[in-house]
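Worksheet for the structure shown next.
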Amino acid sequence: MSKMSKPVNWTAQRRAVFDIVQASHDHPTATDIMERLSASGHRYAYATVYNALRYLTEKGLLKEVKIGESASRYDANTSDHAHVVCVRCGAIAEFEQAPPAPWMDEIARGTGYRVLSAELVFHGVCPACQGKTDDPTDSGAAAR
Ligand SMILES: [Zn+2]
Ligand SMILES: [Zn+2]
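One point on numbering: in the UniProt record's numbering, the residue at position 112 of the sequence shown is 112, and numbering is uninterrupted.
In structure tokens, the structure reads:
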């Protein structure tokens with residue numbers, strides 16, 4: 001109740017950015033969001049989009065997803081969920097599964113930390129990439 005002390009100040013830019021992220025299910029980067037905004041007729045400066053993303057993330061309306069060294073992605077799904085990333089095409093899927101409580105307890109015991117949250121990222125090969133033998137990033141045998 002005290003968490004959301006101030007109401008969200010919905011500017012046109014923030015609303016447009018939020019709508020784009022909410023309509024996207026691929027965890028877009030700021031650049032992706034820029035492209036989708038301009039495709040729908042909104043021409044905002046990168047800084048405007050970036051500031052809107054930061055604001056919405058601070059307000060808890062969006063979640064920032066960091067995967068490795070790549071650019072931050074944004075998620076309108078703010079529940080505790082895990083992501084699985086395709087090592088070939090970079091596609092991201094998500095599943096609604098919070099880390100098991102016994103595991104969190106074990107980490108807390110082992111480190112002395114009070115564990116608040118976890119971000120789980122799994123790596124794999126997505127269904128679309130499975131069975132694609134002509135993929136140049138496939139390290140398997142390139143039989144002709
Ligand atoms: Zn893939
Ligand atoms: Zn997600």
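We put the beta carbon where it would ideally sit given N, CA and C, even for glycine.
**Study point:** Proximal residues to R73 (C-beta, below 6 Å), its chain only, five neighbours per side dropped
**Key:** H27, T29 and V65
Check your understanding: Just to check, is the beta-carbon of D75 closer than 7 Å to a non-hydrogen atom of ligand 2?
Key -> yes
Review point. Mind checking whether I33 and V8 have CB atoms under 8 Å apart?
Key: no
Exercise for review: Pull up the distance between the alpha-carbon of L37 and that of P102, whole angstroms please.
Suggested key: 43 Å
Practice item. Just grab the DSSP bridge partners of C86 for me. Key: G124
Review point. For T11, which residues from the same chain have a beta carbon less than 7 Å from its beta carbon, with the 5 sequence-adjacent residues on both sides left out?
Key: none
Exercise for review: List in chain order: all unbroken beta strand (DSSP E) runs of 3+ residues lying wholly within the segment 49–105.
Suggested key: 63–65, 73–75, 82–86 and 92–95
Review point. Which partner residues does T11 have in the DSSP bridge list?
Key: Answer is none; T11 lacks a bridge partner.
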